[in-house]
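Before any comments, here is the structure.
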Amino acid sequence: MVEHGGRDVSVDDGRSIEEWLLLAQDLVPVALEKAREVKGFSGRWKMIISKLEQIPSRLSDLSSHPCFSKNTLCREQLQAVSKTLNESIELAEVCMGEKYEGKLRMQSDLDALTGKMDLNLRDCGLLIKTGVLGEVTFPFPMVPNSTEQEISIHTDIRELLARLQIGHLEAKHRALDRLVELMKEDEKTVLAVLGQSNIAALVQLLTATSPKIREKTVTVICSLAESGICENWLASEGVLTPLIRLVESGSAVGMEKAAISLQRLSMSAGTAHLIVGHGGARPLIEMCLAGDSVLQASAACALKNLSAVPEVRQNLAEEGIIKVMIDLLDHGILLGTKEYAAECLQNLTSSNENLRRTVVSEGGIQSLLVYLDGPLPQESAVGALRNLVGSISLDDLISLGLIPRLVHVLKSGSVGAQQAAASAVCSLCSSVEMKKLVGESGFIPLLVKMLEAKTNGAREVAAQAISMLVTLSHNRREVKRDDKSVPNLVQLLDPSPKNTAKKYAVLCLVSISSSKKCRKIMISYGAIGYLKKMAEMDIPGAKKLLEGLDRGKLRSLFVRK
Numbered sequence: 002m003v004e005h006g007g008r009d010v011s012v013d014d015g016r017s018i019e020e021w022l023l024l025a026q027d028l029v030p031v032a033l034e035k036a037r038e039v040k041g042f043s044g045r046w047k048m049i050i051s052k053l054e055q056i057p058s059r060l061s062d063l064s065s066h067p068c069f070s071k072n073t074l075c076r077e078q079l080q081a082v083s084k085t086l087n088e089s090i091e092l093a094e095v096c097m098g099e100k101y102e103g104k105l106r107m108q109s110d111l112d113a114l115t116g117k118m119d120l121n122l123r124d125c126g127l128l129i130k131t132g133v134l135g136e137v138t139f140p141f142p143m144v145p146n147s148t149e150q151e152i153s154i155h156t157d158i159r160e161l162l163a164r165l166q167i168g169h170l171e172a173k174h175r176a177l178d179r180l181v182e183l184m185k186e187d188e189k190t191v192l193a194v195l196g197q198s199n200i201a202a203l204v205q206l207l208t209a210t211s212p213k214i215r216e217k218t219v220t221v222i223c224s225l226a227e228s229g230i231c232e233n234w235l236a237s238e239g240v241l242t243p244l245i246r247l248v249e250s251g252s253a254v255g256m257e258k259a260a261i262s263l264q265r266l267s268m269s270a271g272t273a274h275l276i277v278g279h280g281g282a283r284p285l286i287e288m289c290l291a292g293d294s295v296l297q298a299s300a301a302c303a304l305k306n307l308s309a310v311p312e313v314r315q316n317l318a319e320e321g322i323i324k325v326m327i328d329l330l331d332h333g334i335l336l337g338t339k340e341y342a343a344e345c346l347q348n349l350t351s352s353n354e355n356l357r358r359t360v361v362s363e364g365g366i367q368s369l370l371v372y373l374d375g376p377l378p379q380e381s382a383v384g385a386l387r388n389l390v391g392s393i394s395l396d397d398l399i400s401l402g403l404i405p406r407l408v409h410v411l412k413s414g415s416v417g418a419q420q421a422a423a424s425a426v427c428s429l430c431s432s433v434e435m436k437k438l439v440g441e442s443g444f445i446p447l448l449v450k451m452l453e454a455k456t457n458g459a460r461e462v463a464a465q466a467i468s469m470l471v472t473l474s475h476n477r478r479e480v481k482r483d484d485k486s487v488p489n490l491v492q493l494l495d496p497s498p499k500n501t502a503k504k505y506a507v508l509c510l511v512s513i514s515s516s517k518k519c520r521k522i523m524i525s526y527g528a529i530g531y532l533k534k535m536a537e538m539d540i541p542g543a544k545k546l547l548e549g550l551d552r553g554k555l556r557s558l559f560v561r562k
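Its first residue numbered 2, the sequence shown is counted upward by one per residue in the working numbering.
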């Protein structure tokens with residue numbers, strides 16, 4: 002290494018930051034003079050000269066910052082600038098003496114020098130404009146009574162995060178290594194220090210040329226996405242496109258972490274739109290077919306989240322999602338993957354008749370029914386079947402064995418699965434033939450029992466199903482014969498706004514109020530008091546039922562007299 006003024010700029014001999022500043026300021030005019038004397042490679046040296054001329058103003062901005070003398074990043078930056086200036090002087094001398102090994106080699110060296118100058122100028126600008134100097138120098142606001150050790154840890158993390166924004170790739174490599182370690186040791190503290198500028202720096206590293214850098218960066222971003230507190234920053238800083246590229250062609254670790262990140266970020270409807278808009282659906286669908294269990298599960302979950310957004314469902318269908326989800330129902334490696342597939346099909350079939358027909362034609366109903374026979378949660382599969390029953394004939398319903406499976410779910414399924422099954426019954430009641438079939442299949446006693454469920458949603462859908470079934474005389478007789486039907490329905494006359502089952506309870510009670518026995522039970526359980534309040538609220542059928550009960554009460558009074 003050539004020395005200038007008796008000082009070797011490649012050695013950190015304990016100089017103060019002020020001495021490094023003076024050294025850099027002294028080297029600029031020397032470098033400019035040498036560069037202007039070079040005759041060959043004129044285009045490249047003109048570019049180098051233009052960058053050398055920008056350095057004094059950057060050094061002035063840096064040295065005038067209030068935190069200049071307190072910050073190790075400034076000192077390191079001045080060392081890097083001095084080293085680049087020294088290299089410029091050396092190359093100029095070699096060019097003037099025409100002592101270079103070859104023209105192409107020298108062109109490459111000059112291009113590398115230009116790149117280093119760009120990096121120096123950029124990093125000096127970042128130190129000033131982004132507030133990195135202040136972030137690293139001033140203590141982060143701490144919880145009262147924080148220890149010196151805690152303050153020191155926060156300061157170290159902030160400096161580490163700042164290093165992701167400046168310096169050469171190898172320095173960022175080391176900073177990422179340490180950051181990955183810290184995320185494992187104390188993720189909460191790292192998240193407390195994190196700022197949007199640090200997120201932007203991490204996102205930029207996702208497109209680095211080094212596969213190892215990309216892999217470590219996506220590991221950190223995956224942790225940030227899973228934390229649930231950086232989602233908006235990640236999306237706004239453009240993380241989706243590089244994550245999608247990693248899903249397409251990253252390393253095994255990179256693909257896994259990118260898929261998990263998209264899985265978490267896709268929980269937001271706005272971000273889900275962006276993922277589909279950036280072409281993220283196709284690589285996720287292909288990942289479902291890849292065979293790796295973890296990748297398959299992450300991709301299926303992300304697609305399930307995307308399918309929850311109505312506006313993108315058609316796009317997903319055009320990418321072939323329906324066939325893939327049905328295949329996962331049949332052959333998914335992990336049990337959770339099958340559950341995600343069932344949820345995805347439930348979402349896709351919730352509002353689009355064309356998608357429903359596609360699921361039916363691809364054999365989706367058979368796969369859902371086989372899934373129901375297994376040990377997995379049944380709610381989503383029953384919900385998907387509820388969406389599909391209107392798209393198949395009565396004969397197909399019978400031949401496929403859907404009815405007995407729904408009965409089984411109502412008998413022994415979870416509350417959510419039972420609610421979905423009761424909702425499926427509502428969908429089944431589209432014709433007289435279907436209502437008759439449902440009534441004869443043993444649903445009514447199960448629905449009456451469900452009126453006692455703890456959740457309002459389950460009680461509401463059970464009452465709705467009964468109100469649709471009792472339009473047939475056979476089904477009305479079934480309801481009347483059940484000793485629990487009237488008491489349970491009267492309990493649902495509570496006029497509270499939270500009780501959304503009351504309108505269906507009234508319809509059910511009106512249908513069976515022709516029975517003297519039922520009217521007596523209604524009165525004995527306090528129906529009149531409830532109905533007076535509901536009549537004032539204009540609940541359909543409440544006034545009519547109240548009048549009928551009042552007349553019956555009056556007639557019984559005369560009979561007793």
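The C-beta atom is built at its ideal place from N, Cα and C for all residues, glycine as well.
Every value quoted in this text rests on a predicted model; they were computed, and no experiment measured them.
What number of angstroms, rounded off, separates the C-alpha of R179 from the C-alpha of L329? The sequence position of residue 179 within the sequence shown is 178, counting from 1. The sequence position of residue 329 within the sequence shown is 328, counting from 1. Near 39 Å, if we compare the C-alpha coordinates of L329 and R179.
Below 8 Å between beta carbons: does that hold for Q26 and L53? Within the sequence shown, residue 26 is the residue found at index 25, counting from 1. Within the sequence shown, residue 53 is the residue found at index 52, counting from 1. Not a contact, by the Cβ cut-off of 8 Å.
Is it true that the CB of A273 sits closer than 8 Å to the CB of L570? This structure cannot settle anything about residue 570, because the visible part of the chain is limited to 2 through 562.
Any chance the segment 281-298 sits against the segment 343-359, with 3 or more Cβ pairs inside 8 Å? no
Give, in chain order, every unbroken run of the alpha helix (DSSP H) that is at least 4 residues long and sits entirely within the segment 327-404. 336-349, 354-362, 365-373, 380-389 and 395-401
In three-state DSSP terms, what is K104? For the purposes of this step, residue 104 is taken as residue 103 along the sequence shown, with counting starting at 1. In the structure shown, K104 sits in a helix (DSSP, three-state: H, G or I).
C75: first and last residue of the uninterrupted alpha helix (DSSP H) it sits in: The count along the sequence shown starts at 1 and reaches residue 75 at position 74. It spans T73 to G98 - the alpha helix (DSSP H) in which C75 sits, taken as one unbroken run.
Alpha helix (DSSP H) segment containing R175, residue limits: Translated into the one-based positions of the sequence shown, residue 175 becomes position 174. First-last of the alpha helix (DSSP H) with R175: L170 to V194.
Reference S237; option with closest CA among G255, L473, A202 and P376: Position 236 of the sequence shown, counted from the start, is the residue given in the question as residue 237. Taking only the C-alpha atoms, the option nearest S237 is A202.
Using the C-alpha atoms, what's the distance from L335 back to I399? Position 398 of the sequence shown, counting from 1, holds the residue named residue 399. Position 334 of the sequence shown, counting from 1, holds the residue named residue 335. When rounded, the distance between both Cα atoms is 31 Å.
Inspect the beta-carbon positions of M523 and L508 and report whether they are closer than 8 Å. To locate residue 523, count along the sequence shown from 1; it is residue 522. To locate residue 508, count along the sequence shown from 1; it is residue 507. No.
Where does C509 sit, in a helix, a strand or coil, going by DSSP? The residue labelled residue 509 in the question sits at position 508 within the sequence shown. Looking at C509 - three-state DSSP - the assignment turns out to be helix.
Alpha carbon of V144 to alpha carbon of K185, nearest angstrom: Here residue 144 refers to the residue found at position 143 when the sequence shown is read from its first residue. Here residue 185 refers to the residue found at position 184 when the sequence shown is read from its first residue. At V144 the pLDDT is 42, less than 50, meaning the model places this residue with poor confidence; the figure from the coordinates comes in the next sentence. In a straight line, the C-alpha of V144 is about 22 Å away from that of K185.
Quick one: what's got a C-beta closer than 6 Å to D62's C-beta in the same chain, skipping five residues either side? Locating residue 62 in the sequence shown gives position 61, counting from the first residue. Result list for D62: I129, in chain order.
Counting Cβ pairs closer than 8 Å, one from the segment 462-471 and one from the segment 427-438, do we hit at least three? yes
So what's Y531 in DSSP terms, helix, strand or just coil? Here the question's residue 531 lines up with position 530 in the sequence shown. Looking at Y531 - three-state DSSP - the assignment turns out to be helix.
Keeping to the same chain, check which residues put their C-beta closer than 8 Å to that of L195; ignore five residues upstream and five downstream. Here residue 195 refers to the residue found at position 194 of the sequence shown. Excluding positions up to five away in sequence, the list reads L162, L225 and C231.
Reference E461, options V439, L386, V416 and I261, closest by Cα: Reading the sequence shown from its first residue, position 460 is the one you call residue 461. The residue with the shortest Cα to Cα distance from E461 is V416.
At a cut of 8 Å, does the segment 108-115 reach the segment 157-174 through at least three beta carbon pairs? no
Whose CA, out of G414, Y505, G527 and A528, lies closest to the CA of P541? Reading the sequence shown from its first residue, position 540 is the one you call residue 541. Nearest option by C-alpha distance: Y505.
In chain order, what residues of the same chain have a beta carbon less than 7 Å from the beta carbon of P142, not counting five sequence neighbours either side? Translated into the one-based positions of the sequence shown, residue 142 becomes position 141. In this predicted model, P142 has a pLDDT of only 44, less than 50, meaning its place in the structure is not dependable enough to derive any value.
Could you check whether L411 and F444 sit closer than 8 Å to each other, using their CB atoms as the reference points? For this step, residue 444 is matched to residue 443 along the sequence shown. For this step, residue 411 is matched to residue 410 along the sequence shown. Result yes, Cβ atoms of F444 and L411 sit closer than 8 Å.
Comparing C-alpha positions only, which one of S486, K485, G458 and V390 sits nearest to V439? Taking the sequence shown and counting its residues from 1, one reaches residue 439 at position 438. The option with the nearest alpha carbon to V439 is V390.
Would you call G384 buried or exposed, if buried means 16 or more other Cβ atoms sit within 10 Å of its Cβ? Translated into the one-based positions of the sequence shown, residue 384 becomes position 383. Per the 10 Å Cβ criterion, buried.
Who are the Cβ neighbours of L92 in its own chain at under 7 Å, not counting the five residues just before and after it? Taking the sequence shown and counting its residues from 1, the one referred to as residue 92 is at position 91. The answer, listed in chain order, is D110, L111 and L114.
Taking Cβ positions, are L407 and K436 nearer each other than 8 Å? Sequence index remark: in the sequence shown, residue 407 carries index 406 (1-based). Sequence index remark: in the sequence shown, residue 436 carries index 435 (1-based). No.
Which value, in whole angstroms, describes the spacing of the CA atoms of T73 and A300? As a working mapping, residue 73 is identified with position 72 in the sequence shown. As a working mapping, residue 300 is identified with position 299 in the sequence shown. Distance between the alpha carbons of T73 and A300: 43 Å.
In its own chain, which residues sit with a C-beta less than 8 Å from the C-beta of E312, not counting the 5 before and 5 after it? Reading the sequence shown from its first residue, position 311 is the one you call residue 312. Closer than 8 Å at the Cβ level, and outside the excluded window around E312, lie H274.
Which of the three DSSP states, helix, strand or coil, is assigned to S515? By 1-based counting over the sequence shown, the position of residue 515 is 514. It is coil, neither helix nor strand.
Can V491 and G527 be called in contact, C-beta distance under 8 Å? Within the sequence shown, numbered from 1, the residue matching residue 491 stands at position 490. Within the sequence shown, numbered from 1, the residue matching residue 527 stands at position 526. Taking 8 Å as the Cβ cut-off, V491 and G527 qualify as a contacting pair.
Simplified DSSP assignment, three categories, for R164: Along the sequence shown, read from residue 1 onward, the residue named residue 164 stands at position 163. It is helical.
Expressed to the nearest angstrom, what Euclidean distance is found between the alpha-carbon atoms of M326 and Q315? The residue you call residue 326 lines up with position 325 of the sequence shown. The residue you call residue 315 lines up with position 314 of the sequence shown. Their Cα atoms are separated by approximately 15 Å.
I believe L165 touches N121 by the beta-carbon criterion, under 8 Å. Please report the beta-carbon distance rounded to the nearest angstrom. Translated into positions along the sequence shown, residue 165 becomes position 164. Translated into positions along the sequence shown, residue 121 becomes position 120. L165 to N121, Cβ: 17 Å. No contact.
May I ask you to report which of helix, strand or coil DSSP gives Q55? Position 54 of the sequence shown holds residue 55. The answer is coil: DSSP assigns Q55 none of H, G, I, E or B.
Specify, as a first and last residue, the run of the alpha helix (DSSP H) that M435 falls within. Locating residue 435 in the sequence shown gives position 434, counting from the first residue. That run of the alpha helix (DSSP H) goes V433 to E441.
If V471 and C519 are in contact, beta carbons under 8 Å, what's the gap, nearest whole angstrom? Locating residue 471 in the sequence shown gives position 470, where the first residue counts as 1. Locating residue 519 in the sequence shown gives position 518, where the first residue counts as 1. With a Cβ gap of about 11 Å, V471 and C519 do not count as contacting.
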